[in-house]
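Note sheet for the following structure.
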Ligand code: DOR
Ligand code: ZN
């Protein structure tokens, strides 16, 4: 049995750090093990241009622990009004690594999102020309579509068309949750990839709903049935470079999750690489973790892998019950429960 695991330092290709006082904790947690992170732009108001992204990046850097070389990779939030010029400026800034498509109303802070994909086709054409990846929250928002089918319908009704229209556009289907999404990515050309979260590898909707509603498992896209979870595990451990690590760690204060209308998001950043390690270990695929966590992401984005390493040991530890979150606190995924792996060299980029 493998009890110690050395990995090239991983990156997180999808994280929510929020802003203001929240950054102290979220940045510390991300910088603990990850070299870089693709930072989601769904703030209130959203990050819509290069200038806002650069200011936000500075606020994140201000919170980086002294001995970390954590690099926040910034993204733009696409709206109906994002212009080709916005994309050009973003790309030329050298600071922006992608633009995020939130279909309006699909998830947390997506009210300013895109209402019609065709309306932003000229912007997407510019992204394809400049090689700026499109990150997609792949859920249709029509009220007649069942929440469990939103991803599948998005692929059928929008993504297929988009890929045909822009054959050169790099697209990441973010936090995939279904067999249909996996099949779509497998059949698509090499410029189409997907991120997979730790929570979708470790849990399914039974964990969220059987025996009582557990709001801290509620995220979007919502966890699906077990057969989809198994398909995700198979994709993650397949060694196919189209699937790589993106935590979608999404903090919310406890009172907003434990509410009559609780918001979506699981906080995993405090133990992200450990949770992924557990998922790969359970699937007897620890040897597949390093490519998934440390190589396939940078390869897709055209960046070099990190130079240093982290070391994980098989050792039980208890996850905290609560974590500070600005003036509030949050309940992390796995709160108070045992996590089976632990990263040794925390915060020590060599
Ligand atoms: O569960 C989620 N939380 N899914 C998202 O797409 C957004 C995120 C958030 O920002 O809280
Ligand atoms: Zn997200």
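Numbering (our numbering), first residue to last: 390 to 739.
C-beta: ideal position from N, C-alpha, C; glycine also.
The model shown is predicted, which means the values in this text are computed figures rather than measured ones.
Taking 6 Å as the cut-off, is the C-beta of residue 597 nearer than that to any heavy atom in the ligand ZN? Counted from its first residue, the chain shown places residue 597 at position 208. It does not: the Cβ of residue 597 is nowhere closer than 6 Å to a heavy atom of the ligand ZN.
Using a threshold of 6 Å, is the CB atom of residue 405 nearer than that to any non-hydrogen atom of the ligand DOR? For this step, residue 405 is matched to residue 16 along the chain shown. Under cutoff, so the answer is yes.
Beta-carbon proximity list for residue 464, same chain, < 8 Å, skipping 5 on both sides: Reading the chain shown from its first residue, position 75 is the one you call residue 464. Correct list, in chain order: 427, 428, 429, 430, 436, 442, 485, 486, 487, 488, 489, 524.
If we call anything under 7 Å between Cβ atoms a contact, is residue 530 one with residue 403? Taking the chain shown and counting its residues from 1, the one referred to as residue 530 is at position 141. Taking the chain shown and counting its residues from 1, the one referred to as residue 403 is at position 14. No, Cβ-Cβ distance for residue 530 and residue 403 is not below 7 Å.
Output yes or no for whether 7 Å exceeds the beta carbon distance between residue 712 and residue 422. By 1-based counting over the chain shown, the position of residue 712 is 323. By 1-based counting over the chain shown, the position of residue 422 is 33. Not a contact, by the Cβ cut-off of 7 Å.
Reducing DSSP to helix, strand and coil, say where residue 731 ends up. Here residue 731 refers to the residue found at position 342 of the chain shown. The answer is strand: DSSP assigns residue 731 an E or B state.
Provide the residue span of the alpha helix (DSSP H) that contains residue 623, from first to last. For the purposes of this step, residue 623 is taken as residue 234 along the chain shown, with counting starting at 1. Run containing residue 623: 615-625, per the alpha helix (DSSP H) assignment.
Proximity of residue 741 and residue 604 at Cβ, strictly below 7 Å: Within the shown structure, residues of the chain are numbered from 390 to 739, placing residue 741 beyond reach of any answer.
Less than 6 Å separating the Cβ of residue 429 from some heavy atom of the ligand ZN? For this step, residue 429 is matched to residue 40 along the chain shown. A heavy atom of the ligand ZN is found nearer than 6 Å to the CB of residue 429.
Please classify residue 553: is it buried, with 16 or more other beta-carbons within 10 angstroms of its beta-carbon, or exposed? Position 164 of the chain shown, counting from 1, holds the residue named residue 553. Label assigned to residue 553: exposed.
Any chance the CB of residue 654 is under 6 Å from a heavy atom of the ligand DOR? Here residue 654 corresponds to residue number 265 of the chain shown, with the count starting at 1. Result yes, Cβ under 6 Å from the ligand DOR.
Rounded to whole angstroms, what is the Cα-Cα separation between residue 685 and residue 669? On the chain shown, position 296 is the one that residue 685 refers to. On the chain shown, position 280 is the one that residue 669 refers to. Cα-Cα distance, rounded: 16 Å.
Using the rule of at least 16 other Cβ atoms within 10 Å of the residue's Cβ for burial, across every protein chain shown, is residue 399 buried or exposed? One-based indexing of the chain shown puts residue 399 at position 10. It counts as buried.
Is residue 657 near the ligand DOR, in the sense that its beta carbon is under 6 Å from a heavy atom of that ligand? Here residue 657 is taken as the residue at index 268 of the chain shown, counted from 1. Residue 657 Cβ: outside cutoff for every heavy atom of the ligand DOR.
Starting from residue 592, follow its DSSP beta bridges and name the residues at the other end. As a first step, residue 592 must be located in the chain shown, where it is residue number 203. Answer is none; residue 592 lacks a bridge partner.
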